[in-house]
Structure formats: structure tokens, C-alpha cells
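To keep things clear, I will list the structure first and then write my remarks on it.
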């Protein structure tokens, strides 16, 4: 039996495009003599469709795609993820299902049992869980169909669900397992995914065909890496990361092979590639080609520009240099050098005339007050306004250049440097921004070395340095990681050896700045706890604050 | 038996304040000879604590409050909602529970069975559902304990859950039902709440004591309205809306009374009162006293200012009048009159000098382009910057003045008029803003009549009117309501008699402007489908767009 894995980049709600991609893949599979083609989870709609799932019209359009795919199933089995309507009156209105079409008939509609409802996942918001397990027979083989999370409840110390679908299905004697997935990227996730597939195969002793999505849906990044695993736990085939792929596999070869062909993982490279794909897809799926961003001469805007240039082409990324009276001599020179290295067009617009106009206009209201953070924010907001003016006039999307450490402690100006349609490195701690910069420069200087080595500064008052108001980034990032990713409390973090006053100050800053993060751009998610839809915090709370 | 309902305004994560409020209420109940006091759902933590529930330190602090409450339970039963740790390794780590303390002992910890996971609710994200039903005995009475949603799965045509907790418990013969709730306000919800309590009592023929929260938690508003219902379906007692209340009831009186003492409802009054409470609590819980907002002379900023003045006092709401060359003669006069009517301080800051400075600075980049929406946005963003400068300098929170119709179709400038820490009327359609304005003026002119009667305009170019680019608001709002609240598709809305091209244009505008709503302030929620945490849409989607 020949089985085709179709690892595709879907577009949420773009039913025509999603259908056409799948129809093209079916044609490829047929031309390769395949018996069966497998698409991803909720492939008709794209993942995650979120509250569009609550619109009957949206489901009807997904069903139209299913009908058209069914019509293509002459002499080839087609397995495709899609929502299906729950026929019972009780419970949620939908299931998250895998449809099996063959000879223009629906052979089975198998529903997902384990519905992730944590972090970025909201599946129980929409779907009723399945408790009806059964295999599907196809050309003399018995197949155990599973959907994404269904294979993730084994081998954990703390299983999230009381049920394990494959434990229910194995006694029925499947010849192999199919998993249709939409499993998002995080650093480390490719390794975890391979391990969970191996764990399943080692437990059940039958091969597995695991098909993932690839591509970005706003902040959610899918890295692909679809897997064929042999019954003895070897990775027979792993599809590439960050690109579409259609691959036909001979089941007999899988059964007889002992080779392990897993890709080697490099977390830094994968973070880099994931972000580049995220920028490319955000623009492509919104129908935009060009970006704009402010270039300060610092490392954050430099890394953002370099990643955007790799995604869109340097000529499509416009840099705006907006020096103030507090900008250092090197700032403009470093930014210009960066733009030249990347082949970016750029403008230089000094902000002093606008700043002076605001100062004059506000003088009556500000009489008797002193220069403070207000005036720093005015500078940042003039820059935000200039960036947005260029964005509006020329149809570029403004890129936000803030890093995760700044976003965490609120070191940034709302409606100023926090402007932008997409946060490119908002899930990258400052210490990792330095690592990314060096990775980008590995084959030669792209980011001016001076941008990497000089002390970070917002340059909003004379001789300002980040270290005036924040601890060293290596200490800050350690504390943030323990609080944000590991959800440790203050006493635990202090017990790890960190200064008590500092820990309390940092945790307080994280919590009181929730209001800023609430109003900033979606952030390309590369960690297991990114700001955005996966981290939901109340604003008026008073906890550690 | 005497039973005390404690309808309190909790503060999320503010464990000391929440404990002290409950301890004070216990003292009141004891002084009134009460046998039993009932607090709300998740009363120790405030509702919704959201992802703070994932922090073990947060749960530990809630447990400290429980220990202190237990210590107060000498000679009085105390029922209080709080998270409890799931002792099983499988499943979610927590239950959403009601603790029953008496004589310094835990008599029962009863877990919520029905976990709302829709709209603003994310309970299955955190909690394992209960399937262990049982009563608690207290002073010879058998009590059925329930938590909020547990009583909401009856009498629906489309029950969300396969289980009905009280159907399980009724055969055990309870003498009465207790429900600890955190049931948020929407227009109509007070009526629905009374109806659901009546439906339960009519079905089970035993009295019910229903205790709700009051107060606002960022966008979520709790109206109170706790209920004592007799076994024959009468509302024996309803606690007030929008204020704290502690009330001790004699169970014998409930048993013997046939009186129905339900409050009469007035949707417009309740919307008004809910928003005023929402503003007051947002400021109070964040520790702020003063607001700032831009006054355009139009109805949206006027209604926002009037509501804020009722919440904070007119003297604590600062208006900024920022006329441009396109402002009409009446704009400044109407805004000044409003400020005087409300006793608000105000500043007048013409924006032309800043606008000219930007025009000059951008001239090289904009060479050969024409005045368009970019220049309109620059004006709006100069105003946003001025508002934020006043906010930063004087420690006021900037109020966003956008209405729901504008937010829906993206008729507003990101980082301009969409600035602000809190959206006051962002869940009020424009047609309802007019109704609110007339309600505010019912005892005399607060909002200048001219602001109500003149044609709405953004005044960003000569002779601009909203009606140049939008249909009449009564038509627009009807289409928006069918799409947003009722989730109807385009063909259904067209079939209702609306113009096809208009419907398609409006639905497209709603969907392509998701990126703006993503970055705007939390919105006080008064409808059953507000923008914000209860409506989750992907940005890069292409559906009806």
C-alpha cells in the first residue's frame, strides 16, 4: 500500500485556496500511484479558525469543500480533518473530525477525543469530545484514526485526560495508526513531537503516519516535520520543516526498514526559520508585500529588520531613522549601515521639529512640571506616528521591534515603539536576541557589530542606558523565564538564589504592565509561553503587585 | 434557620482585601444570629482569575484565606467558592469548588460539574468537572450545593452539557438548594437569571439561595441581584443591583411566603448603571482617581464623559478639546458646554502647529502623493498623543470613546482615537449611544442637545460626515447585530431584506478590521457578544473578506 502525506500551508477561512491545494495534492498522489492521501487537522478551514466555528455559514462552506474532496476519491482514499456537526442535541455543536472518503463515499467520520484547552488552545470551547472508538478498514488493512492531541496522553507524569484513545483502539488490532495534526511550533517542539510519536509506536508496536500543518496563522507557527514511524520506533521519514511537502511512502518499506532518518534539530536555527516564515505568511495571507519599521541603531530593530528582509526581500522593508537630540552619534551610522547591508530603502526624519511643537502646545498645561517619562513617551510616540504615516501612505505593514524581556516588564511606550501590526521578536528574550543576531551574522556581518556590542539604550534622555532601570538582561531573563514559562512563585525564585527585592520588583512589573501587552500586536510565538492568546491575565488584578 | 447572603465586590488576586470583606460579613451575620453565610463563586480569588490559576503560589494564597475563614466558622456555617486541588493525577489540576466550613471543620468540598467554556468563559482551561454528587447535612437540613452554571442546563432547547447536576441530587431529598455564582451582567441577564432560578425551583420544588458577585473586573461586570426563591417559584427576595449587600433571611419565612418581590428591570437604566460601575471599579481597583478624554463636541465623547463623571465625579474627569482646521464652529462650543454642565476641568489645544510640523517632516517622503486617509490619521494620532501626554504627566487614565458600531467596521484610527486604557461605550451600538444620551438627559440637559442632534462626523477633512462612508446607523446596527450577536451568515442577513452589496461590504469591514480591535482597550461588556475576550477571531483569516 502506498500512502501520501500532504503537509500543506492552509489559510484560515480561505476555502477556495485550501480546496485547490488539496485537490492539487490528490492529483500528485494519484500520479504517483498512491492508495491513500492524508491531510492535516481542520484542513478545510485552516487552524485555528477560532470563533468562526460558531458561524453556521462557515461550517457550510467547509462542508462544500468536503463534498468536492469526496468527489475526488475515485480509486484513492482521502483522509482530511474538518469540523463535523454533532447530531445529538446535548453537548457542543461540533466535533473535530477526520473524514475518510473512498470511491465517492464517506467511509468513516472519526472524532477527536482529547481536546486541548490550555495555552493557545480552546478546543473545548467548540467541540464535543469523542468516546466512540473504532477502526476503519481499507484494502484489507485496519487503520486507527486519531486527531492530533489523541496521541499525546501517554508517558506523561501528569496526564491531562482520563482517556487514552489508542488504548481503546489497540485491542481491535490496527495495522497502522494515522494522526492528522495541527501541532504548532515552539523551540524544542520538533524533538518533543518525534519523541511522542516514538513513545506511541513503542507502546503499540504498529507504524504511524503523522501529518502536520506548515505555515503561520497570525501568531501561531506550524513547522511541518510530518513523520512516518516504523513499528520498532524508528523515524522512517521526516518531512522538511517550514515548507510544504507531499511525499508518497510504501508501507512495506516502512515495515521492513530499521533506518532512523530523523532530521537533526538546532533550536536557534529553527527559531530563526520559524520567525522568517511567520513574517512571510503574515504578509502573504493579508495580501501585503512591504514592511516598514523604525531603525534605532540598536540590536532589536536590527534583528527585526534582518528577519523581515529574509522573509520579504530587503528591498521590500523600509527603514525609518528618527534621531532625536538624545540619539548617540553611532545610532544613525549603525542604522544606515544595517540598511545598506540588507539592501533596504530608508528615510531619515529627525523628530525635533515635532517634539518642539508638542512642547509648545503642552506648555500651558505642563506649567510647573519637570521633564520626566512623559517627555520620553512623547518622543517614542512621534516616532510611532511617523512610522504609521509611512505605513498608511504606502501600504506597508509596520513591524513592532520589541523583545520579550521589554514586553514582560513594560519597558516600552504604548502607541510609541509598541506600535506595529506584528511583533516579530516579542517572544524572544533579550539574551536570545543577541544569540539570534550572532546566528544571522554567522556567514558575514549583516547586523553591524556595533549594534550588538554597545550597551542597550532607549536614548530618550541624555546618556540613558537600559541598565539604569533594569538589571542585567541575563539575570532579568532568568527571573522572567521562571515566572512566565515555569509559573514559579516569588519565594521559589528567591530560593534559587535571586535577590528578594529584585524578584519582587520584576514580578510586580510583569503584572502591572498587563495593560500594555493587552494593546500590542500579535506576537510570533516561538516559546511554550508567549504573550498573547496563550497567556490570559486580568488587568485590574492585584497579585504580587 | 437563618441564612445570610453576602453579595460582595471582590478584587482579583487581592487576597487580603477579599478575606477582610468576608470576615466583616461573617461578623455581621453572627451579630444577626445567622446560622449560615454564603459567599460567591471563587470568592477568595475574585472572578475570573484567568491564568493566575496556573500558579501554585496563587492557589496557596487562596488556601490561606480558606484556612482563615474556617477559623471563623465557630457556631456559623460558611459556604465559600474557591479553587481546590484535584487529588487525582489524571485530569486538570483544579476543581472549581464550594467549601462548607462549620465549627472549624471542612464539612464538604463540592465541585462544579458544568464548566462554562464559551464566550468570555474559559473554565475547562483550568478545572476538571465533578461527577460526584452528594448533599451536605447541616442542623437537620439537607442542602444541595451547586456552583453557578450547574443550575443553567435545564429548560434549554440545546443543552450544552450531557449532565444535569440537580437531577442527580434531587433523589437524595434536599431541603433547599444553594448556588454560589459569578454570573456576569449583560442587558437582559437579570431577567434571564430570575427565570432560570424560577425554572429550577419549579422543577425541584425546593427553595433556592442564589448568591452572585457584584462589581467590575476589567471588562466583566457583575450586577449582583442575588436571589432567594420560594419552593413555589416566587422570588422571595432579590438583592440590589450594582452594590454590595449582606442580607439575612429566615428560611421559615421563605417556606411560608407566596410573595414575589422581584425588582422591575429596565434595560437602559441597567446598561447605564453597569457602565458607571465598570468605570468606577476599573479606576478604584487600579488605584487611580482621575480620567482624561478628548472632547470632540460629538455624542460619543459626550456620553463617555457623562458616564465617567457619574463614576468618578466631574471634577476628576479632564476634557481635552483639540480642534483642527476641519472642526466645525459648534464643536468647541458644544464640548465646552458639556464640560461646564459636568463640572469638568478642560484644556483647549489646537493641533495645527503639530500637524504642520509633521507635514513638513514628511514632505520629502510624501512627495507626489495626495491628501488621503493618512493625513486624517495623523490628526487623530496627534490627538491621541496629546491625550496620552496629559495622562502620563498627571496620572490620569485615558478613556477610549469609540462606540461598538465604529469598532465593528474599523471606523477609527489605531493609536489615535482608539487610544485609551478602557473602552467605556465600545459595547454600545451607535443607536444605543443616542438612547443612552437621552437617558442621561432625562432630568435636564447634561449632554448639549446639539451634540445629540447634529449629524455624526469625524471632522478630519472638509465637510466630512459619517454618512459619507457608512450607511445610516439604524441599518448598520441591524446588520452588525445579526452578524455579531446572532452569528448569521451573509445570505441569511440579505434574506431579511438588506441590500446584498451593503451586507457583503459591512461583513467584510468587520472581518478585515480584526487587527484594530486586537490592539484596543478592554471594553466594558454589556451585551451578550462584546469585542474582547468573549469574541476570538484570527487576524490573517480570509472569510467574507
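Residue numbers (the working numbering), protein chains in the order written: chain B, 1 to 545; chain H, 1001 to 1545.
All C-beta atoms, glycine included, are put in the ideal place defined by N, C-alpha and C.
Asked                                                                                                                               : Found
Interface partners of residue 1419 of chain H on chain B, CB under 7 Å                                                              : 415
Which of helix, strand or coil DSSP assigns to residue 237 of chain B                                                               : strand
When H/1027, H/1044, H/1003 are compared against residue 1019 of chain H, the one with the closest alpha-carbon                     : H/1044
Where residue 1064 of chain H meets chain B, residues with beta-carbon distance less than 8 Å                                       : Per Cβ cutoff of 8 Å: no residues; residue 1064 of chain H is ~13 Å from chain B at best.
Residue 453 of chain B - containing alpha helix (DSSP H), residue span                                                              : 449-453
Simplified DSSP state of residue 545 of chain B, which is helix, strand or coil                                                     : coil
Assigned secondary structure, residue 475 of chain B (DSSP; H/G/I helix, E/B strand, else coil)                                     : helix
Beta-carbon separation (whole angstroms), residue 544 of chain B vs residue 490 of chain B, contact threshold 8 Å                   : 6 Å
Close-in-space but distant-in-sequence residues of the same chain around residue 1093 of chain H (CB under 7 Å, 5 per side omitted) : 1085, 1086
Distance CB(residue 209 of chain B)-CB(residue 187 of chain B) smaller than 8 Å                                                     : no
Separation of residue 118 of chain B from residue 160 of chain B, as counted between CA atoms                                       : 10 Å
8 Å Cβ cutoff, residue 223 of chain B in contact with chain H                                                                       : no
Straight-line Cα distance separating residue 285 of chain B from residue 546 of chain B                                             : No statement about residue 546 of chain B is possible, as the shown extent of chain B runs from 1 to 545 and does not include it.
Identity of the residue in H/1239, H/1243, H/1487 nearest residue 53 of chain B by Cα                                               : H/1487
Contact residues within the segment 1286-1310 of chain H, judged by C-beta distance below 7 Å to chain B                            : 1286
Residues near residue 179 of chain B in its chain [Cβ-Cβ closer than 6 Å; skip 5 each side]                                         : 146, 151, 210
Cβ neighbours of residue 144 of chain B in the same chain (closer than 6 Å, five flanking residues each side left out)              : 135, 169, 174, 177
Beta-carbon proximity of residue 546 of chain B to residue 319 of chain B, cut-off 8 Å                                              : Because chain B is modelled from 1 through 545, residue 546 of chain B falls outside the range shown and cannot be assessed.
Assigned exposure category for residue 101 of chain B - 16 Cβ within 10 Å defines buried                                            : buried
CB contact flag (residue 1346 of chain H, residue 1386 of chain H, <8 Å)                                                            : no
Beta-carbon spacing of residue 257 of chain B, residue 239 of chain B below 8 Å                                                     : no
Every unbroken beta strand (DSSP E) inside the segment 271-350 of chain B [3 residues or more]                                      : 291-294, 317-321, 346-348
Residues of the segment 1383-1398 of chain H whose Cβ lies closer than 8 Å to any Cβ of chain B, in chain order                     : 1384, 1385, 1386, 1388, 1389, 1390, 1392, 1393
Distance between beta carbons of residue 1513 of chain H and residue 1541 of chain H, contact taken as under 8 Å                    : The Cβ separation is near 12 Å, so there is no contact.
Residues near residue 1265 of chain H in its chain [Cβ-Cβ closer than 8 Å; skip 5 each side]                                        : 1190, 1191
Rounded separation between residue 1311 of chain H and residue 404 of chain B - CA only                                             : 36 Å
Residue burial classification, residue 1131 of chain H (beta-carbon count within 10 angstroms, cutoff 16)                           : exposed
Proximity of residue 1531 of chain H and residue 1407 of chain H at Cβ, strictly below 8 Å                                          : yes
Under 8 Å from the C-beta of residue 409 of chain B: neighbouring residues of chain H                                               : By Cβ distance, chain H contributes nothing, its closest Cβ being about 17 Å from residue 409 of chain B, past 8 Å.
Best match in H/1330, H/1516, H/1365 for proximity to residue 1449 of chain H [C-alpha to C-alpha]                                  : H/1330
Chain B within 8 Å of residue 1019 of chain H, Cβ atoms only                                                                        : no
Contact between the segment 446-464 of chain B and the segment 363-381 of chain B (3+ Cβ pairs under 8 Å)                           : yes
Segment contact flag, the segment 1383-1403 of chain H with the segment 1497-1504 of chain H, C-beta cutoff 8 Å, min 3 pairs        : no
Residue 1517 of chain H versus H/1241, H/1539, H/1252, H/1277, residue with shortest Cα-Cα distance                                 : H/1539
Counted within 10 angstroms of its Cβ, other Cβ atoms place residue 316 of chain B as buried (16 or more) or exposed                : buried
Residue 354 of chain B and residue 1357 of chain H closer than 8 Å at C-beta                                                        : yes
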